[in-house]
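First comes the structure, then the notes that go with it.
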Amino acid sequence: MIRSSFAPGVAPVLGAPKAHRSFVMRNPSVLIFLGILALFTLAVTLGAEATGTGALSTSFVKTLGMTLCLCLVAIAMDLVWGYCGILSLGHFAFFGLGGYMIGMWLMWERTEGIVLSATAAQALPPTPDELRAAVGQQIFGVVGGSEIPAIWAFASSLPAQLALVVLVPGLLALVFGWLAFRSRVTGVYLSILTQAMTLALALYLFQNESGLRGNNGLSGLQNIPGMTHLPQSEVSIRFFWASAAALAIGYVLAAWVVAGKFGSVIRGIRDDEARVRFLGYNVEGYKLVIFTLTAIIAAIAGALYYPQAGIISPAEIAPIASIYLAVWVAIGGRGRLYGAVIGAAFVSLVSSWFTGGQAPDIDLGFYVIRWTDWWLVLLGFSFILVTLFAPKGIGGLVDVIRHKVVPDRHGADLGPDKGSFREAEQQ
Amino acid sequence: MRLIRAIALAACLLVPIQALGQASPIQDLLQEHGEVIAKSSRKTIQPAIDALRESGLPAAQTVMERWQEKDLWIREADGAFFFVEKDGDTYTLLDIATGEPAGTADKSELKQLKPNSGIRGLIGAALVQFQLQDPNPASRRAALDAIARDPEASHLEALRGAIETEQDAEIRAAKERMERLLTIPYGDTDQARVAAIRSFDGDLGLDVRAALNPLLATRTVVVEGDAPEALNVARKLRPGGEELTFDDAYELLVSKDLAPPAVDRTAKRVALEANAENGLVAGFATTDLDTWTERNRAYDELAARGVVPADVPVEAQQEAVGAHSYYLAYAEPSAAITDAARRSLASIETGVMVSRGIDITLDALSLASLYFLAAIGLAITFGVMRVINMAHGEFIMMGAYTGYVVQQFVPNYTLSLVVALPLAFAVTFAAGVAMERLVIRWLYNRPLETLLATFGISIALQQLAKNIFGTQARPLTAPGWLDGALVFNDVISISYIRIAIFALGLIFLVLLLFTLNRTRLGLEVRAVTQNPRMAASMGINPDKINMLTFGLGSGIAGIAGVAIGLFAKVTSELGQDYIVQSFMTVVVGGVGNIWGTLAGAALIGFFQKGIEWFNPSNTLAAQTFMIVLIIIFIQFRPRGIIALKGRAAEA
């Protein structure tokens, strides 16, 4: 257990009397991160069209806001994988579910507004039933129906849908996690099982009978009811601020969780589950808590992401998205929270740069490499290289720099899967 | 006039051979009915057709066919009948008995017979008899098929006449069956029809169900008091129930003029809107009219003022509906026949259920063998190396593309398949070995990272395939002898490709069992599976075993790819469709054991088909349910159906 206090992401505090030092003092990285995030937010605010010079286009501000949400879900992934050792291939499903829950309210309110303004010209005001039928026709006409499914019962109430953003993914994670952990499914088995859960959810949402518009998904989410009088540039910067605030809160929460005793136990579970169990800890309980907590964080990130993206469809939930999430965290450096943020921001921005057609093509003379075609090949191979040669990811650079200043007495790191073992300790 | 005609006709018949030039029994017969034929009226033509049909003359069939095709002509001079061959303006006459040329004639001398559709139908019905007795068996079969497509009452008689003389046992059976089928709707007596219906008890043919189902067609009938005797009642309906809503019942009354029409909500709305003035309708503010209570009151007020027709009050509607009884009645008047049809259909239903069960079982077997082929490679590598290969699906895709490329060079489909199978194995074996040497072996003891690294390979390979072969689907054509299906009856059938895949799965099961249990390599593989360190101390080189196992697993994936490519379109996403099912198969079956994989594949195949049985229209839902069931299954056997025991299980 003592070893775990050496885990990456937590500054080594050997011998320091913990009780006398505040949480922030023990985790200087949190302060640094918050400072950088604040500076970044300020810079974007000054550059945005609505609040500043207009150097950054509205769509770019949206992209940045969405990237912050992806950073938040990456933190959740890092907590559950990098710190607890559960390679969940389902956290993007929770992210999407959060998006669906808020999307239902956005779509309902907006459609109701449209229907009301359309019926204002008629001689008779619509009855509540007629209003519902018209809204149902508007929303579900595309899947060949006008019946309003039971799951839309709370769609007209924002507080209810906000509660569902937390409750639906949270309960799903709780039930799934309870089933999986109590039968001691671990390692790759668990990964495959979470992937199966994601696939089941995606396939379910693909059906028209799911009541969530099948493969059409929910659309028009960028039009926020109550903000329709504002231009999109204003809406985008507000969502950017909200995303930045959520990321800051999520980061501090995650740092606080992993800094305490709870964090030590989950790192212990990652390093040697059986040993932690023999020490008397309720391993399944700890896993369930961290699994559910991260699912909720992911859902909140999704609820902030999709109003900026404007559309959500079941394809977003497909298992591959969750694997990409793991890839971001691995490239950024798992087992350290800022690593997850760096990975998500770096890979998703670079990915949109390459696939957006902005990257210059390379002319080899006999063949022209178009990055829209070759980006995935590059990503795949660079990912293999990172796994093979830099298991600590981009975040590992921080260690390199730090060890230049303070020599590492414990020898080389053996990689995250060996826990906090160092070369010198293994002798 | 008539007399003169008759005399002329008689004269014609008596005219020496030279005069007509082509007197023959068939010509005589036609002359006998010349008048009605020339008149060409549906009401009077029947005797002429009957005479032709019953004449037994060899030329009768041809004449009727040509007649039906509007190719029978009359020479106006003497009323003789000819076929005509047009050649510019000259018309060559053909003798109707022999088809020999019989001189020429000018257009004006001839009259073409143009039977209307009614007469053509009668001729066609009469022709059926000839076709049913045609010496050529193929024509007789074609005639039966024609009857089956479009049965008529008149066919029954012709069919009965054609059974006795039938020599071919098979066609005779078909004729007898068709006779019974036709008796169901067109039989003379109820007893005969009932007998025909009951003779089909348990028969699974689609044609039987097509003949029986119309007998049970129903309609809703409304009467005052009890049902009349003549009505063949299926059951009494209660208005307001599932089958007959209150509104439907009232509408039925209105349509039978048994009740005054009610004003529906749409009409009321329109009336209210039409009478709205300055925000007021009949003294009600329009803004208040957002409930139906208020709207009804406003409408009644309008009606009281005589502006709109009065609505029928709900109480009056209820009274009217309550005063009548409603029955679901068969269109078929005879209760004996509907009872017989119901009983027959019930017995057929049981047979169909059994057959469908067998059919689903066969489907499930072939699906299971497909999953087995797709997953066994994964299971072997996972068992030996504890490595989940996310790129396994891409190896399947690679195998399928290998098959496609081979077909570009070897045009013979059978030969190309013979070349493609080992080549696909070789290609994916090499790819697997390369992957193991370059990536996997550096990541032993880091299973989660292996999973992700192989995922990196997976996306790279998939995109590479897209760049090389494009995004459109490529065909991998199965050889001709794999086309079609093995048909047992109208319900049970299985395509030959699926049988071939089943056979392929069986071959690989046997091959792998032999390799693992009877060869040196198998012994070493099993040793490494159970305990790599111990195996290493016994002189086995785990490195080599790992490499070979990985190659073997990948090679089988390539073979599976060729098999899958035969019935699915080859795209770069081909592997993705099977990879999760393969994972599930491994997880459910348990690792490191061929029987485990077999059990897992069987379980998943039967699960999936079983769910599709209950909900055949929705395969997406079937997959969702299957995955949920698997997650629940894992609760009870977390290590799979056949789990490794002892220390190896904890590795």
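Line order of the protein sequences matches chains A and B.
All you need for the numbering used here is the position in the first sequence, starting with 1, plus 5.
All you need for the numbering used here is the position in the second sequence, starting with 1, plus 19.
All C-beta atoms, glycine included, are put in the ideal place defined by N, C-alpha and C.
- Residue ranges of uninterrupted alpha helix (DSSP H) with 4 or more members, entirely inside the segment 448-492 of chain B and ordered along the chain, are 466-488.
- Boundaries of the beta strand (DSSP E) harbouring P120 (chain B): P120 to A124, taken from the DSSP string.
- Comparing alpha carbon positions, the residue from B:D114, B:R288 and B:V429 closest to I93 (chain B) is B:D114.
- Taking a Cβ-Cβ threshold of 7 Å, the residues of chain B close to Y209 (chain A) are T643, in chain order.
- Residue contact with chain A for A236 (chain B): absent (no Cβ-Cβ distance below 7 Å to any residue of chain A).
- When DSSP states are grouped into helix, strand and coil, S514 (chain B) belongs to the strand group.
- For the segment 469-501 of chain B, the residues whose beta carbon sits under 8 Å from a beta carbon of chain A are, in order, L470, L471, A472, F474, G475, I476, S477, I478, A479, L480, Q481, Q482, L483, K485 and N486.
- Counting other Cβ atoms within 10 Å of its Cβ, S318 (chain A) reaches 16 or more and is therefore classed as buried.
- Close to chain B, meaning a Cβ-Cβ distance shorter than 9 Å, is no residue of the segment 223-235 of chain A at all.
- For L291 (chain B), the residues of chain A that pass the 9 Å Cβ criterion are A128 and L129, in the order they occur in the chain.
- Beta-bridge analysis with DSSP links Q337 (chain B) to no other residue.
- Taking 7 Å as the threshold, the shortest C-beta distance from T264 (chain B) to chain A does not fall below it.
- The beta carbon of I399 (chain B) sits no closer than 7 Å to any beta carbon of chain A.
- For P466 (chain B), the nearest beta carbon of chain A is closer than 7 Å to its own beta carbon.
- The closest CA to that of D502 (chain B), considering only B:V371, B:I516 and B:R61, is found on B:I516.
- Rounded to whole angstroms, the separation of the alpha carbons of T490 (chain B) and G451 (chain B) is 24 Å.
- Chain-ordered, the chain A residues with CB closer than 7 Å to the CB of M603 (chain B) read A201.
- For T447 (chain B), not one C-beta of chain A is nearer than 7 Å to its own C-beta.
- Against chain B, the beta carbon of I328 (chain A) has neighbours under 7 Å at F474, listed in chain order.
- Beta-bridge annotation (DSSP): W92 (chain B) is paired with B:F101 and B:Q131.
- Distances from the alpha-carbon of P561 (chain B) to those of B:L272, B:P551 and B:A167 put B:P551 closest.
- Classified as buried, S269 (chain A) has 16 or more neighbouring CB atoms from the shown chains inside 10 Å of its CB.
- Cβ proximity to chain B below 7 Å picks out L381, V382, L384, G385, F386, F388, I389, T392 and L393 from the segment 380-395 of chain A.
- A distance of 7 Å or more separates the beta carbons of A383 (chain B) and K563 (chain B).
- Using a Cβ distance threshold of 7 Å, G52 (chain A) and L61 (chain A) count as a contacting pair.
- Chain A places no beta carbon closer than 7 Å to that of I660 (chain B), leaving this residue out of the contacts.
- Contacts between V437 (chain B) and chain A, judged by CB atoms closer than 7 Å, are missing: the closest CB pair is about 33 Å apart.
- Only residues of its own chain outside the window of five on either side were considered, and among them F219 have a CB closer than 6 Å to the CB of V227 (chain B), listed in chain order.
- Excluding its 5 nearest sequence neighbours in each direction, I377 (chain B) has C-beta neighbours in its own chain below 7 Å: I511, listed in chain order.
- Comparing alpha carbon positions, the residue from B:E243, B:T202 and B:P247 closest to L231 (chain B) is B:T202.
- Put simply, the backbone Cα of A126 (chain A) is about 29 Å away from that of P154 (chain A).
- A Cβ of chain B is located within less than 7 Å of the beta carbon of T132 (chain A).
- Residue nearest to G344 (chain A) within the set A:L298, A:G398, A:F394 and A:Y329 is A:G398 (criterion: CA-CA distance).
- Rounded to the nearest angstrom, the gap between the Cα atoms of Q80 (chain B) and A57 (chain B) is 19 Å.
- Our two residues, Q227 (chain A) and F244 (chain A), have alpha carbons roughly 10 Å apart in a direct line.
- By the CB criterion at 7 Å, I651 (chain B) and G615 (chain B) fall outside the cutoff.
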